[in-house]
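In the numbering used here, the protein residues as written are 999 to 1090.
Beta carbons: idealized from backbone N, C-alpha and C, even for Gly.
What follows is one structure encoded as structure tokens, with my remarks underneath.
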Amino acid sequence: MISSNVAGFEASLAGRCPMCRNVDTFRHWYEGFFMEKLQKEALQVTKEIVVKFIETGRVSPQNITEIFPAVYDVVLGTLDGSAAADAADEEN
């Protein structure tokens, strides 16, 4: 009886995110759980930069939702550009 309930529950969640149960075919959960290495590095660097900005008083915790995405985009673009340059150097 328990196994049929579990199977029914799993079937009802097929294609749903296990975290929020949205019908998004695991896309956002998968992307969040298996970020590329470059994105993880950019996220870590961005976090460190924003924390330093908060510590020095240049950013307040109230406007972090505005600042964090902008800093992340710049960091990711910089890392992505340097990764592309490194790949081009290796080819030559």
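### Task
Within its chain, find whatever has a CB closer than 8 Å to the CB of V1073; leave out the 5 residues flanking it on each side and keep chain order.
To locate residue 1073, count along the sequence shown from 1; it is residue 75. Cβ neighbours of V1073 beyond the five flanking positions: A1040, V1043, T1044, I1047.
Please look up how many angstroms separate the CB atoms of D1078 and L1036, rounded, as I've assumed it's under 8 Å.
-> For this step, residue 1078 is matched to residue 80 along the sequence shown. For this step, residue 1036 is matched to residue 38 along the sequence shown. At roughly 6 Å, the Cβ-Cβ gap stays under 8 Å, so D1078 and L1036 are in contact.
- Query: Straight-line CA distance for V1057 to F1066?
  - Reply: Along the sequence shown, one-based indexing puts residue 1057 at 59. Along the sequence shown, one-based indexing puts residue 1066 at 68. Each residue's Cα considered, the two are about 10 Å apart.
(Q) Between which residues of its own chain and V1069 is the CB-CB distance below 7 Å, once the five residues before and five after are set aside? (A) As a first step, residue 1069 is located in the sequence shown; it is residue number 71 there, counting from the start. Excluding positions up to five away in sequence, the list reads T1044, I1047, V1048.
Q. Can you tell me the Cα-Cα spacing of G1075 and Q1060, whole angstroms?
A. Within the sequence shown, residue 1075 is the residue found at index 77, counting from 1. Within the sequence shown, residue 1060 is the residue found at index 62, counting from 1. If you take the alpha carbons of G1075 and Q1060, they lie about 25 Å apart.
> Which two residues bound the contiguous alpha helix (DSSP H) that contains Q1060?
Replying inline: Locating residue 1060 in the sequence shown gives position 62, where the first residue counts as 1. Where Q1060 is concerned, there is no enclosing alpha helix (DSSP H), given that its DSSP letter is neither H nor E.
inquiry  = At the level of alpha carbons, what is the spacing between F1051 and K1038?
reply    = One-based indexing of the sequence shown puts residue 1051 at position 53. One-based indexing of the sequence shown puts residue 1038 at position 40. One C-alpha to the other measures close to 20 Å.
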